[in-house]
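To start, the structure itself, in structure tokens.
Residue numbers (UniProt numbering): 1 to 138.
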């Protein structure tokens, strides 16, 4: 028997809103089947659950929905297709380069903030010492 999930179950499991899941469906990232009167009830498969998990992971890593869709399609394609593997590699390399630039920017910003913090502490220490000296003289 195939495992099936409701939108509520997936939303709860991955801590997202049903609206977000419907949005990912609208974007072609998920393809639940429909059941019930008028086909209103969405039924998600194990494939959909995996695609949602990978979509959310891709979003956390900063991938666009278009990049995620491409990666999901590659994930499900035969592994011996060289053009698809090259496209996958190009996407991953490009994104890694972006993240490395962002990390360098963050490191530089953190270094600047540490210097500002040190300078502010030194000024506070000097002012505190100056006020203590002034209080002692009166």
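Cβ coordinates follow ideal geometry from the N, Cα and C atoms, glycine included.
As the structure is a prediction and not an experimental result, all values here were calculated from the model.
Status (buried if at least 16 other CB within 10 Å, exposed otherwise) for residue i
i, result
"residue 105", "exposed"
"residue 28", "exposed"
7 Å Cβ cutoff met for residue i and residue j
i, j, result
"residue 55", "residue 68", "yes"
"residue 51", "residue 30", "yes"
"residue 32", "residue 16", "no"
Assumed close pair residue i, residue j - CB separation to whole angstroms, cut-off 8 Å
i, j, result
"residue 6", "residue 45", "That pair is no contact at about 12 Å."
"residue 53", "residue 14", "7 Å"
Nearest-angstrom Cα separation, counted from residue j out to residue i
i, j, result
"residue 73", "residue 47", "12 Å"
"residue 12", "residue 70", "26 Å"
"residue 66", "residue 118", "44 Å"
"residue 26", "residue 123", "56 Å"
"residue 59", "residue 108", "25 Å"
"residue 89", "residue 76", "15 Å"
"residue 41", "residue 110", "49 Å"
"residue 131", "residue 120", "16 Å"
"residue 126", "residue 135", "14 Å"
"residue 129", "residue 21", "59 Å"
"residue 87", "residue 115", "42 Å"
"residue 8", "residue 35", "15 Å"
Close Cβ partners of residue i (< 7 Å) along its chain, the five nearest in sequence each way excluded
i, result
"residue 148", "Because the chain in this structure spans residues 1 to 138, residue 148 falls outside the shown range and cannot be described."
CB contact check: residue i to chain D, cutoff 7 Å
i, result
"residue 41", "Absent from the structure is chain D; it holds one protein chain and no more."
Close beta carbons around residue i, own chain, < 8 Å, minus the five adjacent residues each side
i, result
"residue 61", "95 and 99"
"residue 145", "Lying before the first or after the last residue shown, residue 145 is absent from the chain, which here runs from 1 to 138."
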